[in-house]
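Everything on this sheet refers to the single structure shown next.
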Amino acid sequence: MNVLIVDDDRFVVSALEKKIEWESLGITEVFIAYSLKQAQDIFAAHTINLLISDIEMPKGSGLYLLSWLRCEGNRVQVIFLTNHADFHYAQKAIALQSFEYCLKPIEFDKLSLIIRKAVEKIEKEILQTERAKQTEFLEVHQTRLLENYWQGLLHGTVSAPVPSIAERFYLVFISCFPYYLEGNEIRTHFDRKTPVNQRLCDLFSNAVCTNQVNLVTFFEYHAEKQQYAAVLRQNGAKGPLFTTLQSGCVIFLQELKISFQCEASCCISSVFTYTNVQETFQNLMDYHRDLKDCSGRVYVFEDSPAAAAPAPEFPIYDMEHCLETGDEEGCCTLFREYLSEAAKSGNLNHKLLSGLLMDATQLVFTYLKSKEVLAHKLFQNPVYEFLLRQYTDSLENAELYLHYLLKNAFDYLSFTASQASVAETIKNYIDSNYHRDLSRSDLANIVYLHPDYAARVFKNEMHISLNNYIIRKRITAAKKLLTETQLPVNTVADKVGYGNYSYFSKLFRRETGLTPQEWRRENPL
């Protein structure tokens, strides 16, 4: 703790420094100022705990200093010293919330007692301020701390603190599907610029919480999959509240669809022991994993699923026929009808969906290969990879994946059906990139075709081989540089894509009948 002594009388200042036992009062640093200006400079540079100031000074009073401090928002404790027992001074000092008013000549024992009381008050205020800061910190971070704790329990990274829970808790697993395709781009109904976690939490709390159950925490469990977890505590009521929670979750899903145009589903389970939290939540997710046709629905994990009828066989030959005839809508209809039947019979689970989508992908990729299209190149993009990671999560994910797969396959087959458009695409790329190292594989990758097939298509349309077209384009560019610039011939060769000067000269002579130097001489600037 520190003190600032302000007095224009140097003898008074010296006496205060020497005769007050500062360390015994808890003060470790003493600042000195002989004028108002010096005092203001010290306050600007340091945090002062206690101010002892004369009231009357030649260039500004102690009362003015205190008034300035209060205007600055400084609540420093102040002890005034004065030669006059003036009621006006005392009244003003009280109005400015000074700690004490002491007359000169100074009685040092009495002043020491006043300073001790002031120090006690300062220490009390410091303690209160620290407690207020701690309380504010805990309030601000309590939600996050609680989220981290329950996330740790759900992931199994936090040990259970006690062997059992005296109350009944409920775990709710929420799976949202905010994604949709716009052209070939993935869009989301959730605004990526602003966190939606709090808005979802508010919707959930308003819909589900009652006087019987309250929300402990709500947090994002898996960001990319838009999965959330909620923990609820039952208050007093005996017996499970699954019916109440189901009704609340239904309202939540309805509000979610209104607010975000987003489909979602909920799975609920109860838990009685901390040690079972992770196992229960994992079982809950596994249970949800097999509920593919679940958008807008609420499930209770304790429910026993009804026995399902045998799954129907997917009509693979019909699918192959639709691919062969270019019937995109027919393919989509086959999938929709099959998935609908599987859902009705209770067979729409993770295993069936995973197998179906793998078969569909293989059929499409095989058909593309028969058309010389490199499917792994065509679908080598972030959108496809995103959909591939999530296609078995729900019926909506599966339909979105299939729509993207079929649309892009048929769109590209339509493009390749016009050999002119394929050849023109390759030609335009060569015209813009002739100075780069170009291979048949590089050019075929642009149009996702097998290199041999791409070369045949180009030659059929342009009546020149790929290799000869590249050479002709480069030599034409070289002739222009030789005619219009003074660049050295080896630099010209490098600029048109030939790092080997001898090879460039050989090709140039073959195409023009002249060496590069002879061409330049016969075609001066």
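Going by the UniProt record's numbering, the sequence shown opens with residue 1, and the numbers climb by one from there.
Just so you know, even glycine gets a beta-carbon here, dropped at the ideal spot from N, CA and C.
For this session: Assuming D7 and L81 form a contact by the criterion Cβ under 8 Å, report the distance between their Cβ atoms to the nearest whole angstrom.
Result: In this structure D7 touches L81 by the C-beta definition: roughly 7 Å separates them, less than 8 Å.
For this session: Give me the Cα-Cα distance between S270 and M285, rounded to the nearest whole angstrom.
Result: A direct Cα-to-Cα measurement between S270 and M285 gives close to 13 Å.
Exercise. Using the C-alpha atoms, what's the distance from V30 back to Q38?
Worked result: Roughly 14 Å separates the two Cα atoms.
Exercise. Which whole runs of the alpha helix (DSSP H) in the stretch 381-419 are 4 residues long or more, in chain order?
Worked result: Whole alpha helix (DSSP H) segments, 4+ residues: 382-390, 395-417.
Problem set entry | Delimiting residues of the beta strand (DSSP E) encompassing V78 | From DSSP, the beta strand (DSSP E) with V78 extends over 77-82.
Exercise. Can you check whether the CB of V231 is closer than 9 Å to the CB of residue 526?
Worked result: No statement about residue 526 is possible, as the shown extent of the chain runs from 1 to 525 and does not include it.
For this session: State yes or no: is the C-beta of A207 within less than 9 Å of the C-beta of G236?
Result: Cβ atoms of A207 and G236: not closer than 9 Å.
Exercise. Given that a residue counts as buried once 16 or more other Cβ atoms are within 10 Å of its Cβ, and exposed if not, what is P305?
Worked result: At P305 the pLDDT is 48, less than 50, meaning the model places this residue with poor confidence; the figure from the coordinates comes in the next sentence. By the 10 Å Cβ count, P305 comes out exposed.
For this session: Please state whether DSSP places T483 in a helix, a strand or coil.
Result: T483: helix per DSSP, three-state reduction.
For this session: Please report the Cβ distance between L395 and L356, rounded to the nearest whole angstrom; I am assuming they are in contact, meaning their Cβ atoms lie under 8 Å.
Result: Not a contact, Cβ separation roughly 11 Å.
Exercise. A45: buried (16+ other C-beta within 10 angstroms of its C-beta) or exposed?
Worked result: Exposed is the call here.
Problem set entry | alpha helix (DSSP H) segments (min. 4 residues) lying fully within the stretch 300-378 | Entirely contained in the stretch 300-378, the alpha helix (DSSP H) runs reaching 4 residues are, in chain order, 316-324, 328-344, 350-370, 375-378.
Exercise. Terminal residues of the continuous alpha helix (DSSP H) containing C71?
Worked result: Start and end: 62-71.
Problem set entry | Separation of T47 from L245, as counted between CA atoms | Going by the C-alpha atoms only, they are around 55 Å apart.
Problem set entry | Own chain, CB closer than 7 Å to F314, minus 5 neighbours either side, in chain order | Only Y338, L356, D359 meet the Cβ criterion.
For this session: From the DSSP output, in three-state form, read off H155 for me.
Result: Three-state result, H155: helix.
For this session: Check whether the Cβ atoms of Y391 and E320 sit closer than 9 Å, and answer yes or no.
Result: E320 sits away from Y391, with the two beta carbons spaced by 9 Å or more.
For this session: Using three-state DSSP, classify T135 as helix, strand or coil.
Result: Three-state DSSP puts T135 in a helix.
Exercise. Any heavy atom of the ligand FMN closer than 8 Å to the CB of L378?
Worked result: The model depicted lacks the ligand FMN and carries no ligand whatsoever.
For this session: Look at the Cβ atom of V496, then the Cβ atom of R520, and state whether they are nearer than 9 Å.
Result: Inclusion of V496 and R520 in the CB contact set at 9 Å is not warranted, their separation being larger than that value.
Exercise. I think L387 touches Y448, with their Cβ atoms under 8 Å apart; what is that distance to the nearest whole Å?
Worked result: Between L387 and Y448 the beta-carbon gap is near 18 Å, outside 8 Å, which marks them as no contact.
Exercise. Quick one: what's N490 bridged to in DSSP?
Worked result: Answer is none; N490 lacks a bridge partner.
Exercise. Roughly how many angstroms lie between the CA atoms of V13 and I5, to the nearest whole one?
Worked result: Counting only the Cα atoms, I5 lies some 7 Å from V13.
Exercise. Is the Cβ-Cβ distance between I115 and L25 less than 9 Å?
Worked result: Contact flag set, yes.
For this session: Would you kindly work out how many angstroms separate the C-alpha atoms of A444 and D318, rounded to a whole number?
Result: Inter-residue distance for A444 and D318 is about 31 Å (C-alpha atoms, whole angstroms).
Problem set entry | Three or more C-beta pairs below 8 Å linking the stretch 401-411 and the stretch 419-438 | No, they do not touch.
Exercise. Cα-Cα, which of Y170, H189, I186, K257 is closest to N276?
Worked result: Here the closest residue by C-alpha is Y170.
For this session: Find out if the Cβ-Cβ distance for the pair I52, V3 is shorter than 9 Å.
Result: Yes; because the gap between Cβ atoms is below 9 Å, this pair is in contact.
For this session: Compute the Euclidean distance between the alpha carbons of S265 and Y287, then round it to the nearest angstrom.
Result: Approximately 12 Å between the Cα atoms of the pair.
Exercise. Which residues bound the alpha helix (DSSP H) around D191?
Worked result: Neither: D191 is in no alpha helix (DSSP H) and is coded neither H nor E.
For this session: List the endpoints of the continuous alpha helix (DSSP H) containing I446.
Result: For I446, the enclosing alpha helix (DSSP H) starts and ends at 440-446.
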